[in-house]
Amino acid sequence: MSNSEFAFEFYNDRSLLSILPKELYQSMKKKGLIVQGSAYVHFCGLITHDRTTAVFLPRNSKIDVALNRSELARNLLKAIQRYKSSADSATETADYGKEVIGSDSITLLVELLEDFILNSLYTQRTQEFVMNQGKIDWKRTINQKSVYLNGGSAFYPDAIGSRKLVDQNSAITRIHAHIIRDICQKVGWIAFPEPSIPLNKLSTIPDVTEDFDTQIQMLNRELHTSYSDRDIFLLKGLIQYLEQESGDDHSDLVIGIRECHGLWEKMLDSCLLHKESVNQRMLAPLYKISGNYVLASAKGHRTDTVLKHPSAQRYVIVDAKYYGAHNINTSPKLADIVKQFYYAKAMKIIEDNVEYLANVFIFPGSSGNIESIHMAKKGQKKQFSDGDCLDTDYPPLQCIYQDPIQLIEHYSKGRYLKELTQKLLGLAS
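Under the numbering used here, the first residue of the sequence shown is numbered 101, with each subsequent residue one higher.
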């Protein structure tokens, strides 16, 4: 089985639910991934169903026919796992990490595959005592065999030796091989460029005949007699896998996130260079209560990302906006826009001698037609021009688009988007 033989279906978050195949829709509904009353998908991640992997990319993603589909699916999986890990370790974003679905299950599969790559199949090692072979066991030889003295030297015509035997046909080995085969057939593309290679390697190992409960009992017995860290780790993982498989709801694998805005923000922030930490210095409401002033730090400004030019007092306030951004109806609302104006005003207060300040929204998409956002007076006019923009009072917000697929690839591999960084810094010149 090669990766080209794995069936992938690609969709976008916020696509119409009506375009989904019936089987996929039912699987998502069963998993609680269909938002009540919504006509659109609210999910970014992967779902396996009927030996097919449905991949839901961030909104506005465009799939090129030349893209390596298994690589794209693998990048998305790694991006979600990295996001989950970083969110769990950061207090201010811990709630975002809780939104990730199925992380523990997919982590187990990855760990079992990686262990197999590093250590191959589980083997049971025993010691056999043989005559005149292997390493001599002097204690047994002296106690059990006749000795002849010759010129003051002891001579043993027969010596008991020992050798280690590796049993690759044990029940535990068969269980391990069965589980790895099962994982490879479902999601082998996660770890193997060519899943047929491990499947061929495992084809000579007999399949298991025992039921789930018996297999778990056998693994537990083996666990109680194991001492090496690797064996204990592996046996616990195999038990966990069988316990999940023996449940009522094991046919479909799911990993993803219902609302993608947190992931979008985190990926962009992680892939930009020349970031400046300002949130601890931003402004916050100061309440006067019963004659005393109380600062509400938790209610203060919190930007997504701020960039600083490496050789000048030039700044870029970057706000990752997970909007469709096709027209005014799918773009940020007034509250989001006003918030950016306040960020800009605050930056000029906390930073000395600001030469230039750019305010930017980044939307998902390889391209888009919204260039900037300005403020203007309401009126009866139907046509507006540059002269209507109140840019002196409200400096405009620049709008750019970032290809989600490129961002996922860079974030999953820990790389920076250097061109995007330069483009953003160029807006502050």
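Ideal Cβ placement from N, Cα and C applies to all residues, glycine included. The structure displayed is predicted, hence computed values, not measured ones.
query, result
"Any 3 or more C-beta pairs closer than 8 Å across the region 463-470 and the region 319-330", "no"
"When 499, 519, 445, 520 are compared against residue 492, the one with the closest alpha-carbon", "445"
"Residue 284: first and last residue of the uninterrupted alpha helix (DSSP H) it sits in", "271-287"
"Cut-off 6 Å between Cβ atoms - residues of its own chain near residue 128, not counting five sequence neighbours on either side", "134"
"Cα-Cα separation between residue 242 and residue 334, rounded to whole angstroms", "40 Å"
"Cβ separation of residue 366 and residue 485, assumed to be a contact under 8 Å, to the nearest whole Å", "Residue 366 to residue 485, Cβ: 39 Å. No contact."
"Per-residue DSSP class, three states only, for residue 522", "helix"
"Beta-ladder partner(s) of residue 154, from DSSP", "109, 147"
"Inter-residue Cα distance where the pair is residue 336 and residue 442", "53 Å"
"Residues near residue 119 in its chain [Cβ-Cβ closer than 8 Å; skip 5 each side]", "111"
"Beta strand (DSSP E) runs contained entirely in the region 397-426, provided each spans 3 or more residues", "405-408, 414-420"
"Sheet register partners of residue 498 (DSSP bridge)", "460, 472"
"Sheet register partners of residue 386 (DSSP bridge)", "395"
"For residue 125, three-class secondary structure by DSSP", "helix"
"Whether residue 418 touches residue 372 by CB criterion (8 Å)", "yes"
"Residues bridged to residue 367 (per DSSP)", "Paired residues: none, contrary to the question."
"Helix, strand or coil at residue 453 [DSSP, three-state]", "coil"
"Identity of the residue in 399, 400, 414 nearest residue 406 by Cα", "414"
"Classification of residue 173 by the beta-carbon crowding that lies within 10 angstroms, buried from 16 upward", "buried"
"Three-state secondary structure assigned by DSSP to residue 141", "coil"
"Stretch pair the region 130-144 + the region 426-435: three plus CB contacts closer than 8 Å", "no"
"Candidates 107, 166, 175, 168, of which the one nearest residue 151 by Cα", "107"
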